[in-house]
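Order-wise, the sequence lines are chains G and H.
Note that our numbering gives residue 117 to position 117 of the first sequence, counting from 1, and the numbers run on in steps of one.
Count along the second sequence from 1, then add 1000; that gives the number in our numbering.
By construction, the Cβ of each residue, glycine as well, lies at the ideal position given by its N, Cα and C atoms.
Notes to accompany the following structure.
2 protein chains.
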Amino acid sequence: MANVKPRILKGFRDYLPDNMLPKQRMLDTVARTFESFGFAPLVTPALEYADILVGKYGDEGDKLLYRFLDNGDRDVALRYDLTVPLARVIGMNPQLAKPFKRYQIAPVWRAEKPGRGRFREFVQCDVDIVGSDDLMADAECLAVGAAVLRALGVDDFVLRVNNRKLLTALLARLGIAEGKPAMAVLRSVDKLPKIGEAAVRALLVSENGLGSAAVDGIFDFLKLDPAELASWFADSEVGLQGAAELNALLGLATELGVRDRVEVDLSIARGLDYYTGTIYETFLTAAESLGSVMSGGRYDDLLGMFGGQSTPAVGISLGVDRLFAGLLELGLVQEDGNPTRVLVTVFDASTRAASYAIAADLRAAGVPCEVYLGAPRMKKQFQYADRRGVAHVIIAGPDEVARGEVTIKRLATGEQLTVARDAVASHLR
Amino acid sequence: MANVKPRILKGFRDYLPDNMLPKQRMLDTVARTFESFGFAPLVTPALEYADILVGKYGDEGDKLLYRFLDNGDRDVALRYDLTVPLARVIGMNPQLAKPFKRYQIAPVWRAEKPGRGRFREFVQCDVDIVGSDDLMADAECLAVGAAVLRALGVDDFVLRVNNRKLLTALLARLGIAEGKPAMAVLRSVDKLPKIGEAAVRALLVSENGLGSAAVDGIFDFLKLDPAELASWFADSEVGLQGAAELNALLGLATELGVRDRVEVDLSIARGLDYYTGTIYETFLTAAESLGSVMSGGRYDDLLGMFGGQSTPAVGISLGVDRLFAGLLELGLVQEDGNPTRVLVTVFDASTRAASYAIAADLRAAGVPCEVYLGAPRMKKQFQYADRRGVAHVIIAGPDEVARGEVTIKRLATGEQLTVARDAVASHLR
C-alpha cells in the first residue's frame, strides 16, 4: 500500500465526538419531538438519476450538483436537498395515506465555493405535511417548531410569518413582471434585516430598476398591520386570500398557545420560488445575528413535478449547524465527546470481575460508565479519567471487594466515599 | 420543467416510514447501548479523495468504488466502508486521546451487482476501540455485542469466537503460502456452516490444490477443544500466542458474565485479510439461517496505513438490515410507520382550541399524538385513524368541552370511556 498522506476534501468535515455527541443528542430530541406530533422518518438514497434533480434548483443549482456517470454509465447525482427526493417518493408511492407526515435528517451535497460556515456537505433536517391544504397543517408546523425549540431548552425565540400571496399581489399591483424580475425584487427585500431600509431602497432602484413610486409602495406595504391587509388588497383576489390566510394562521397560533412567539413580518420573502402561501423564519432572540434557524412554508405546486396529481404540502427545515451554534452560544449545550461520567477502575486481575460487575449494575441502573482497559497503577487510571472529563471514578480494590464495598472518588475535589456495593448506582444517579 | 418519470436507481431503496420507524428505534437502542459503554459518535464525509480509499479493499473492491472527477477535477470516491475513514481520522488527529472509543452508523456505497438482499447503498454500524492492545478491549466488544442484543429483546444468541493467529499457525504448518493462497483456503473453510464438511473438503482439493494430508490437518484442527490448542501448537510461537489469547478471552467472558453466550468456533475465518487476533461472528439462535448479525475482530496493523505509528484496534460491525430482519422474524419488532397511537379529533372550529390543548397535555405527559388536520364528520376522522393504525381516538365535542370532559374511544372494540379532561393522559399511558 502506497503511503498516502491522510487528508480531507475542501468543504468537507469530520465531526469528532466532542462536537458530534451533543449534536446527535440535539438531533435525537428534534426527532422525538417530530414523532410526538405524528411525523415518521423517511430515508432516501444519496444518489438519484440526474434527471430527477436537474432543472429543479435553477441554473445555479444545476451547476452545484455532484453529477457523474456511474460504473454502468448511468447519469447520476448526489441529492441537493430533501424536497425533490420527497417529491419522487410521493410520485412513486401513490398508496401512501395522506396527509403523509414525514421527517428526514440527512446530508446533502452542493459543490459551492467553501466559505465561513458554508460546506459542500451538510445535514438537512426537514419536516413536512404532504396532502393537506388545511391551514391547520401550516399552524402545526409553527407548533412543532416551537415544541422543538422548547424541548432543546430555548424559550426566547420568534417565529416570523408571512404569506407569499401578499407579495404576489403587491408585485402585481406595482407592475413588476412575474418570474425572474419578481424573484429578484423579493431577494432584494429579503436583505432588509441584514442591510437596512436605505440600502434596500437603493438596491431596488439600482438592481431591480424600480421607480420611486414602486419603492415607496413596497415600504408602505411592509409597514402594514395584519388587520389592514384586507382593505389594502380590497381589489386583489390573491391579496385578499393571502390576508385571510395570514390572519387565520394567527388565530390558529392563538389556539395552539404559540401566538406570543409568532410575529408577522411582511418582508420575509424566502429565497426559493416554490412557496405558494405561508412562509416562516425563526430566530433565537438572544442570538438573532445567527440568522433564521428554522424556515419553510407552503408549497402546493412543487410535489406534482413528477406528473402525479398536484399535492399540497407545507413544511419547515431546521438549520442543524446554525441551531447547534445557537445552543452553544446560549450555553444550552457544550462540546463534550464522552458519553459517560463514571470510570470504573481495575485494581488487578483478581478484582477485574468485580469491576465488570459494578459496571454492569451501573449500566442496568441507567448510569453509562466505562471500565478501564487494563490494570496499571491507579494514578494512571485517574489521569485517563481526568483527560476524559470523567466526574467520578469507582475503586474496587481487594479490601473493598472483601468487605462488599466500593469507593467513589470525586475527581474535581478528591473527596472519597465508601459505600455498600449495591448502593453505588443510587449514589451516582 | 420537463415531465420526468419518477424512478430510483437499481440497487438503491427508499425506506418508507413503516420500515424506517422501527429500524430507527433499533438503531437508537444500539447507539444508546454503545454510549453506555463509553463509545461516542464520529461522523465522516461521504466523499473522500480517491487515493485515500483505492488499494485498501483489494482489486475487486477498487472496481466497486463510486469514483469520479468532481467539478474541480479532483479524483473523489464515495466511502466503501467506515474503517478506512476511521484510519484517516486517526492519522489526521494525533491529539485524540487513546483508547479512542467511537461508533459510526452511516451508509456506504459499493457498485456491486444488485441481488437478493444485496444493495449498492447500505448502512454500516461499527463500534471500535482504537489504541488499546489489551485483551480487555476484545472482551468489551463481546460484552457490548451481548448488551446490544439484550437491549433489543434478543436473549438467545451465540457469539462465536476464534483467533486469527491460530489459523496463521495452522496454514504455516501445512505449508500453505501466506497471502492469496492462505486467504483462498480461509475463504473455503469459511463456507463450512453453509455447505458442510464434505463440500469444503472437495473445495480444498479442487480450488485450493491441497493434498489429503493437509485437508485432514485442517479438519483435525477444527475439531480441537480450546484446552488442547496449546499442546497442538507447542512448536509454533504464533500458534501458542493465539491459544493463549483465545483462552484468556474465554476467561474474560466468564468475568463479564457472557461466557454462556460465547462459543469457540475454529472454522471462523472472516473474509477480510486485515484481522490479526480475535475474530467474532454472532448468530441469533432462533434465526441462525440469517447468518452472522454482528462480526469483527482485532486488526492491529490496519490503522497505521496513513503513515502514523501502528495503532492497535478491535471492533465489531453490526449488520443493520440483517439484524432488523432477525428482529422481524422473531416478532420483536413489527413494520409500523405511525409513531403515535392516539388521534385527537376536531369536532368543529369552536372546539379546535380544546383539541389542541388536549394534544399538548398528552405530549407533555409523554404520549405522542396527532391532531386531525381539519374538522370533517367524525366518521371520516375515525376512518383516518383506522388506516393509520391508531388505537385510541379522543373526542372533545361541545358537550364534553362544556363539562370539562373528554371521551376516549378504543377503535378495535368501539368501547368508549368519558373521563375528566385532566385525567386523559393517565388513562392512555
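How should residue i be labelled, buried or exposed, when 16 other C-beta atoms within 10 angstroms of its C-beta is the threshold for buried?
i                : result
E245 of chain G  : buried
L432 of chain G  : Coverage of chain G is limited to positions 1 through 429, which leaves residue 432 of chain G absent and any answer about it impossible.
T1413 of chain H : exposed
G468 of chain G  : Lying before the first or after the last residue shown, residue 468 of chain G is absent from chain G, which here runs from 1 to 429.
A146 of chain G  : buried
H1427 of chain H : exposed
D1126 of chain H : buried
K499 of chain G  : This structure cannot settle anything about residue 499 of chain G, because the visible part of chain G is limited to 1 through 429.
S310 of chain G  : exposed
K5 of chain G    : exposed
N1093 of chain H : exposed
K23 of chain G   : buried
N3 of chain G    : exposed
R352 of chain G  : buried
T1285 of chain H : exposed
D225 of chain G  : exposed
P398 of chain G  : exposed
M1001 of chain H : Confidence at M1001 of chain H is low in this model, with a pLDDT of 49, below 50, so its placement is unreliable and the value that follows should be read with caution. The residue is exposed, with fewer than 16 neighbouring Cβ atoms inside 10 Å.
A1202 of chain H : exposed
Helix, strand or coil for residue i? Go by DSSP, reduced to three states.
i                : result
E281 of chain G  : strand
V1401 of chain H : helix
L1047 of chain H : strand
R410 of chain G  : strand
R160 of chain G  : strand
M1 of chain G    : Unreliable positioning characterises M1 of chain G in this predicted model, as indicated by a pLDDT of 49, which lies under 50. A coordinate reading is not provided.
A396 of chain G  : coil
F221 of chain G  : helix
L16 of chain G   : coil
E263 of chain G  : strand
V130 of chain G  : strand
A1375 of chain H : coil
A391 of chain G  : coil
G61 of chain G   : helix
A1087 of chain H : helix
G307 of chain G  : coil
I268 of chain G  : coil
S1350 of chain H : coil
V333 of chain G  : coil
S289 of chain G  : helix
D1138 of chain H : helix
K1010 of chain H : coil
Which partner residues of residue i appear in the DSSP bridge assignment?
i                : result
C1125 of chain H : H:I1105 and H:L1318
M294 of chain G  : G:T282 and G:L318
F68 of chain G   : G:V76
P41 of chain G   : G:Y103
A1420 of chain H : H:E1405
E1370 of chain H : H:L1343
G1115 of chain H : H:R1118
A1313 of chain H : H:V1130
How about residue i: is its Cβ closer than 7 Å to a heavy atom in the ligand GDP?
i              : result
K63 of chain G : The ligand GDP is absent from the structure shown, which contains no ligand whatsoever.
For this session: Take every Cβ of the segment 364–376 of chain G, pair it with every Cβ of the segment 326–341 of chain G, and state whether three or more of those distances are shorter than 8 Å.
Result: Touching, yes.
For this session: Check whether the segment 1031–1047 of chain H touches the segment 1067–1086 of chain H, counting contact only when three or more Cβ pairs, one atom from each stretch, lie closer than 8 Å.
Result: A contact exists between the segment 1031–1047 of chain H and the segment 1067–1086 of chain H.
Exercise. Using 8 Å as the Cβ pair cut-off and three pairs as the minimum, do the segment 168–175 of chain G and the segment 303–315 of chain G touch?
Worked result: At 8 Å Cβ cutoff, the stretches do not touch.
Exercise. Are the segment 138–154 of chain G and the segment 250–258 of chain G in contact at 8 Å, needing three or more beta carbon pairs?
Worked result: Pairwise C-beta distances place the segment 138–154 of chain G in contact with the segment 250–258 of chain G, as three or more of them are shorter than 8 Å.
Problem set entry | At least 3 beta-carbon pairs within less than 8 Å: the segment 291–301 of chain G vs the segment 314–329 of chain G | Judged by Cβ distances under 8 Å, the segment 291–301 of chain G makes contact with the segment 314–329 of chain G, as three or more pairs qualify.
Exercise. Looking at C-beta atoms only, is the number of pairs between the segment 1174–1193 of chain H and the segment 1205–1218 of chain H that lie closer than 8 Å three or more?
Worked result: Because the criterion of three Cβ pairs below 8 Å is met, the segment 1174–1193 of chain H and the segment 1205–1218 of chain H touch.
Problem set entry | Stretch pair the segment 1057–1068 of chain H + the segment 1350–1361 of chain H: three plus CB contacts closer than 8 Å | Contact between the segment 1057–1068 of chain H and the segment 1350–1361 of chain H is absent, because fewer than three Cβ pairs lie under 8 Å.
Exercise. Hey, is the segment 1110–1119 of chain H in contact with the segment 1007–1016 of chain H, meaning 3+ C-beta pairs nearer than 8 Å?
Worked result: Touching, yes, given that three or more Cβ pairs across the two stretches are closer than 8 Å.
Problem set entry | Contact the segment 1341–1351 of chain H vs the segment 1376–1389 of chain H: 3+ CB pairs below 8 Å | As far as the Cβ criterion goes, the segment 1341–1351 of chain H touches the segment 1376–1389 of chain H, which means the pair count is three or higher.
For this session: Determine which residues of the segment 1065–1078 of chain H have a Cβ less than 9 Å from any Cβ of chain G, and write them out in chain order.
Result: From the segment 1065–1078 of chain H, only L1065, Y1066, R1067, F1068, L1069, D1070, N1071, G1072, R1074, V1076 and L1078 have a Cβ closer than 9 Å to chain G.
Exercise. Which residues, in order along the segment 267–294 of chain G, keep a beta-carbon less than 8 Å from a beta-carbon of chain H?
Worked result: Here the close residues number zero.
Exercise. Using Cβ-Cβ distances below 8 Å, what residues of the segment 1091–1102 of chain H are close to chain G?
Worked result: Going along the segment 1091–1102 of chain H in chain order, one finds G1091, M1092, N1093, L1096, A1097, P1099, K1101 and R1102 with a Cβ nearer than 8 Å to chain G.
Problem set entry | Validate contact between the segment 217–231 of chain G and the segment 262–277 of chain G using beta carbons, cut 8 Å, 3 pairs | Counting Cβ pairs under 8 Å, three or more are found: they touch.
Exercise. Between the segment 14–28 of chain G and chain H, which residues of the former have a C-beta closer than 8 Å to a C-beta of the latter?
Worked result: Those would be D14, Y15, L16, P17, M20, L21, Q24 and D28, in chain order.
Exercise. Listed in chain order, which residues of the segment 297–328 of chain G have Cβ atoms closer than 7 Å to some Cβ of chain H?
Worked result: So the close ones are M305, F306 and G307.
Problem set entry | Under 8 Å (Cβ pairs) to chain H, residues found in the segment 37–52 of chain G | Against chain H - using a Cβ distance shorter than 8 Å - the residues of the segment 37–52 of chain G are F37, G38, F39, A40, P41, L42, V43, T44, P45, A46, L47, E48, Y49, D51 and I52.
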